[in-house]
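Right, one structure below, let's go through it.
In the numbering used here, the protein residues as written are 104 to 381.
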């Protein structure tokens, strides 16, 4: 029983860690395309890295998707990379930036499947975890390419729509994804169609159904304790980041105050010197 629990936890951990890395790779694709397209601020913000803590909102971009995956949902990143479209060289680059994320996800999934099919000398539970992770990657790739405001599938052709339609769709972005996820959670047929499509594509590409479902079963069995750990870790990281941010702001304020005081002393010294000269 203890051994099975440990194996399930290991499978869940592998899936979540792999999932977080894939999210970073996805967002790196967006960032790299934006940087090449003309938005140099991407590099200054640290987006050209695989560090999940540089994103706009770690909670929405990393933690929430990971928790959703742990509970069997679709884990989409939430606006992790902020792109200044005004700096991009034309509408086609806006489209390329949206396309780059799914393209990098596709590359990650292809590499993962190639690794699985190479029969690597790893424990069977690790192979099962990688197989289930591949299905999740396919699932989200299909979902993310749907032409719904807020998803990359819509962002690919959004730049070429009339301005009036673009503005209306932008107002719908924050609701489009939520409505779509709500449908998947509450309408069994829609959720089943999405998962069936992902499984069918995965099996067509050569993944073993038994290994995939074994990974899924182990993942869901070990997801509960791991989800609690992820949430606790997220809270700790959030507190540390806030403390570090406050310390930096305090240091910057102290440095600024010291500089002002020094300038004030220099000014007084100059005035005193001029007064003595007179």
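Ideal Cβ positions, reconstructed from N, Cα and C, are used throughout, including at glycine. Only a predicted model underlies this, so the values are computations on that prediction, with no experimental measurement involved.
Beta-carbon contacts of residue i that lie in its chain and below 6 Å, excluding the five residues immediately before and after
i	result
residue 128	207 and 211
residue 204	129, 132, 133 and 255
residue 308	216
residue 105	Note that residue 105 has pLDDT 49, beneath the 50 cutoff, so the model's placement of it is unreliable and the number below is only indicative. If we look at residue 105 and ignore the five residues flanking it on each side, it has no Cβ neighbours.
residue 153	127
residue 259	198, 201 and 202
Span of the alpha helix (DSSP H), counted from its first residue to its last, around residue i
i	result
residue 287	266-289
residue 212	194-220
residue 258	255-260
residue 239	227-247
residue 144	144-147
Inter-residue CB distance, residue i and residue j (contact presumed, cutoff 8 Å)
i	j	result
residue 302	residue 238	6 Å
residue 147	residue 187	At roughly 11 Å, the Cβ-Cβ gap does not stay under 8 Å, so residue 147 and residue 187 are not in contact.
residue 310	residue 225	15 Å between Cβ atoms; not a contact.
Neighbourhood of residue i by C-beta distance below 7 Å, restricted to the same chain and skipping five residues each side
i	result
residue 111	321, 324 and 325
residue 135	151 and 203
residue 114	228, 231, 232, 318, 321, 322 and 325
residue 287	177, 293, 294 and 297
residue 312	306
residue 140	191, 192, 196, 199 and 200
residue 275	252
residue 314	230, 231 and 234
residue 304	241
residue 261	269 and 272
Same chain only: Cβ atoms within 8 Å of residue i, ignoring 5 sequence neighbours per side
i	result
residue 251	257, 279, 280 and 283
residue 121	215, 232, 233 and 236
residue 209	244
residue 273	252
residue 117	229, 232, 233 and 236
residue 223	230
residue 291	none
residue 109	none
Identity of the residue in the options nearest residue i by Cα
i	options	result
residue 201	249, 226 and 225	249
residue 246	269, 261, 300 and 312	300
residue 197	264, 157 and 240	264
residue 125	213, 285 and 222	213
residue 137	194, 289 and 275	194
residue 119	222, 240, 223 and 224	240
residue 145	266, 189 and 261	189
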